[in-house]
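Below you'll find the structure, written out as structure tokens, and then a few comments.
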Amino acid sequence: MKYACKGQQSFHSQPAYRGSLSIDATTGLLVRFTVQAEASEGDPITQIASAIDYGAVVLGDRRYFCPVRSLAFTVEEADTCADPRKRRLAHPIAMLNRIVFTDYHRLGSEMVIVPGTQRQGVPGESPEPVDPKTTTPPQIASPIPQVPPSR
């Protein structure tokens, strides 16, 4: 857990975490992931928790299961920005960050590998197409030499 004020790191901790996974019993798909940090005594941030919900997203003619929304909750009880001694605040500050994931796009490509060779052309010109049925593949000039085992 890192906390920064005005670009300067003011608090850093590596707390233990606990959480849960919720899985749909019929499909075996992940539905929700939750995690909560275990704050130590005197930490300026006393509560950190997040939950991510997953759901079906249709891209083209297929369904994918992706994050669809997320909540992150934090409680700050000490002012690490104004006071280096981490002065306790009169009223803790609770922060909620809600994210909705939308406008997914599938990035992909397709290609076909055709055996054969390609003739060298003039720089800047498109090479002539090669017919793999009439073109013989290149021959290896010399085989890889066999090295006898060492004694």
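Residue 40 is where the sequence shown starts when you use the working numbering, and the numbers rise one by one after that.
Even for Gly, the Cβ is constructed at its ideal location relative to N, Cα and C.
At a Cβ-Cβ threshold of 9 Å, S109 and S89 count as neighbours. Pairing I132 with E149 gives a Cβ-Cβ distance that is not under 9 Å.
For the pair L135 and A111, the CB atoms are nearer than the 9 Å cut-off. Excluding residues up to 5 positions away in sequence, A95 lie with their Cβ nearer than 6 Å to the Cβ of R102 in the same chain. Ranked by how close their Cα comes to the Cα of V139, the residues H130, E77, V107 have V107 in first place. In the DSSP assignment, V153 falls outside any beta strand (DSSP E) and carries neither an H nor an E. In the DSSP assignment, the residues bridged to T73 are S59, A90. C-alpha of I84 to C-alpha of P54: approximately 11 Å in a straight line. For T113, the beta-bridge partners assigned by DSSP are I87, M134.
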